[in-house]
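Right, one structure below, let's go through it.
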Amino acid sequence: MAEGRRLKGRDPLGLRRALADRLLPALVAAMALLAALAIAGADGAGRLAERWQQGEAGQLLLQLPRDAAPEPVITRLAALPGVTSVTAVPDERLRQLLAPWLGEVPSLPLPRMLAITLPAGADHQPLLEAVQAIPGAQLELRSEAVRLAMRLADGLRSLSLAMLGLIGLVGAALVAVATRAGIAARRETIVILHELGARDADIAGRFARRLGWLCFLGALGGLAIALPALWFLAMQALPVVLARDAQIGDLPWPLLALVPPAAAVIGWLTALITLRAWLRRLP
Numbered sequence: 001m002a003e004g005r006r007l008k009g010r011d012p013l014g015l016r017r018a019l020a021d022r023l024l025p026a027l028v029a030a031m032a033l034l035a036a037l038a039i040a041g042a043d044g045a046g047r048l049a050e051r052w053q054q055g056e057a058g059q060l061l062l063q064l065p066r067d068a069a070p071e072p073v074i075t076r077l078a079a080l081p082g083v084t085s086v087t088a089v090p091d092e093r094l095r096q097l098l099a100p101w102l103g104e105v106p107s108l109p110l111p112r113m114l115a116i117t118l119p120a121g122a123d124h125q126p127l128l129e130a131v132q133a134i135p136g137a138q139l140e141l142r143s144e145a146v147r148l149a150m151r152l153a154d155g156l157r158s159l160s161l162a163m164l165g166l167i168g169l170v171g172a173a174l175v176a177v178a179t180r181a182g183i184a185a186r187r188e189t190i191v192i193l194h195e196l197g198a199r200d201a202d203i204a205g206r207f208a209r210r211l212g213w214l215c216f217l218g219a220l221g222g223l224a225i226a227l228p229a230l231w232f233l234a235m236q237a238l239p240v241v242l243a244r245d246a247q248i249g250d251l252p253w254p255l256l257a258l259v260p261p262a263a264a265v266i267g268w269l270t271a272l273i274t275l276r277a278w279l280r281r282l283p
């Protein structure tokens with residue numbers, strides 16, 4: 001279509017009336033709420049994976065018989081290549097760890113426990129060979145458990161990212177439906193302006209800006225609802241997962257702040273493409 005004239009006036013297409021219902025912002029708010037939860041899930045899974053990966057370089061536990069002398073074992077194991085430190089776990093600490101399951105049992109005989117610290121990626125073979133030479137010793141190897149935990153965290157992160165993609169597609173579909181509803185409501189006005197020489201880019205741009213703004217407002221409302229829920233979840237989960245209280249910086253603020261602009265871009269682009277495609281079919 002040849003270059004036409006620009007539309008004049010603040011709302012020559014009557015879009016404030018045609019696209020004034022609150023259904024689209026409400027639906028976008030719901031999608032933004034789900035997106036915020038998915039972002040928090042992906043971020044939390046990433047942090048959990050990082051913690052577990054660091055835990056692989058943490059302490060292994062070696063159990064000795066109660067009558068075994070720990071000092072010679074500590075000296076022998078601390079001299080092994082790759083072993084950072086070997087320390088005895090106090091009985092008091094063991095009783096604290098067992099208290100949730102066994103209660104207070106001060107008379108219960110406990111085995112000797114040694115905490116062995118190795119760096120990430122250290123070769124366990126020298127340690128395994130040394131432990132096999134210690135009568136009655138049992139070593140807790142956590143590498144397989146850590147690998148399974150890492151796989152779980154990666155799966156949760158992938159699922160959260162897939163949810164984000166699906167939310168974006170559903171949001172785009174909602175905007176496309178709203179755009180077509182707006183076209184149906186203002187069809188005569190659009191056709192008349194098109195025949196009078198109004199530019200397709202100007203007509204589509206007005207639709208796109210209006211729907212982009214509605215999507216931004218809806219996503220802003222959904223994010224406002226999501227933040228208290230995310231903070232409540234953080235307060236419940238972090239003491240269990242990271243063994244500390246939740247802090248305000250634990251929420252993924254930069255990613256959450258992108259939700260309203262991303263919703264606006266999706267709304268603007270979808271409306272622009274939908275209306276431009278419809279206008280190209282006009283004679």
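Residue 106 in the UniProt record's numbering is what sits at position 106 of the sequence shown, and the numbering runs on without skipping anything. Backbone N, C-alpha and C fix where the C-beta goes; we use that ideal spot for every residue, glycine too. This one's a predicted model, so the numbers in the text were calculated from it and none came from an experiment.
- Query: Any idea what DSSP makes of residue 84, helix, strand or coil?
  - Reply: Along the sequence shown, one-based indexing puts residue 84 at 84. Coil.
- Task: Specify, as a first and last residue, the run of the beta strand (DSSP E) that residue 112 falls within.
- Result: What you label residue 112 is simply residue 112 of the sequence shown in a count that begins at 1. 112-117 is the span of the beta strand (DSSP E), which, as asked, contains residue 112.
- Selection from 198, 116, 47 and 178 that minimises the alpha carbon distance to residue 215: Taking the first residue of the sequence shown as position 1, residue 215 is located at position 215. The option with the nearest alpha carbon to residue 215 is 178.
- Query: Which residues bound the alpha helix (DSSP H) around residue 247?
  - Reply: Stepping through the sequence shown from its first residue, residue 247 is reached at position 247. First-last for residue 247: undefined, no H or E at that position.
- What do you get for residue 31, buried or exposed, if any count of 16 or more other CB atoms within 10 angstroms of its CB means buried? On the sequence shown, position 31 is the one that residue 31 refers to. Buried, by the Cβ-count rule.
- Query: Which of helix, strand or coil does DSSP assign to residue 251?
  - Reply: Translated into the one-based positions of the sequence shown, residue 251 becomes position 251. DSSP places residue 251 in coil when its eight states are reduced to three.
- Task: Report the partner residues of residue 185 according to the DSSP bridge assignment.
- Result: Along the sequence shown, one-based indexing puts residue 185 at 185. Looking at the DSSP assignment, residue 185 forms no beta bridge with any residue, so it has no partner.
- Task: Go ahead and pull the three-state DSSP assignment for residue 214.
- Result: Numbered from its first residue, the sequence shown carries residue 214 at position 214. Correct three-state label for residue 214: helix.
- Message: Judging by CA-CA distance, which residue of 29, 282 and 39 is the nearest neighbour of residue 157?
- Response: Along the sequence shown, one-based indexing puts residue 157 at 157. Checking every option, the nearest Cα to that of residue 157 belongs to 39.
- How many angstroms separate the CA atom of residue 94 from the CA atom of residue 112? What you label residue 94 is simply residue 94 of the sequence shown in a count that begins at 1. What you label residue 112 is simply residue 112 of the sequence shown in a count that begins at 1. C-alpha separation (whole angstroms): 9 Å.
- Message: Taking 8 Å as the threshold (beta carbon to beta carbon), is residue 279 in contact with chain C?
- Response: Protein chain content of the structure displayed is limited to a single chain, and chain C is not contained in it.
- Helix, strand or coil at residue 258 [DSSP, three-state]: The residue labelled residue 258 in the question sits at position 258 within the sequence shown. In the structure shown, residue 258 sits in coil (DSSP, three-state: anything other than H, G, I, E or B).
- Paired residues, beta bridge with residue 140 - DSSP: Translated into positions along the sequence shown, residue 140 becomes position 140. Bridge partners of residue 140: 61.
- Can you name the start and end residues of the alpha helix (DSSP H) that residue 76 belongs to? As a first step, residue 76 is located in the sequence shown; it is residue number 76 there, counting from the start. Where residue 76 is concerned, the enclosing alpha helix (DSSP H) stretches over 70-78.
- Does the region 205-219 come close enough to the region 262-280 to have 3 or more Cβ pairs within less than 8 Å? yes
- Message: Using only the alpha-carbon positions, how far apart do residue 132 and residue 65 sit?
- Response: Locating residue 132 in the sequence shown gives position 132, where the first residue counts as 1. Locating residue 65 in the sequence shown gives position 65, where the first residue counts as 1. Taking the straight line joining both Cα atoms gives about 14 Å.
- Query: Can you tell me the Cα-Cα spacing of residue 44 and residue 237, whole angstroms?
  - Reply: The count along the sequence shown starts at 1 and reaches residue 44 at position 44. The count along the sequence shown starts at 1 and reaches residue 237 at position 237. Approximately 10 Å, taken between the alpha carbons.
- Message: Quick check: the Cα distance between residue 247 and residue 192, rounded to an integer number of angstroms?
- Response: For the purposes of this step, residue 247 is taken as residue 247 along the sequence shown, with counting starting at 1. For the purposes of this step, residue 192 is taken as residue 192 along the sequence shown, with counting starting at 1. Whole-angstrom Cα-Cα distance: 58 Å.
- Rank 88, 256, 28 and 205 by C-alpha distance to the C-alpha of residue 110 and give the top, closest one. Locating residue 110 in the sequence shown gives position 110, counting from the first residue. Answer by Cα proximity: 88.
- Item | Span of the alpha helix (DSSP H) around residue 127 | The residue you call residue 127 lines up with position 127 of the sequence shown. 125-132 is the span of the alpha helix (DSSP H), which, as asked, contains residue 127.
- Task: Measuring alpha carbon to alpha carbon, tell me which of 225, 154 and 77 ends up nearest residue 117.
- Result: Numbered from its first residue, the sequence shown carries residue 117 at position 117. That would be 77, whose Cα lies nearest to the Cα of residue 117.
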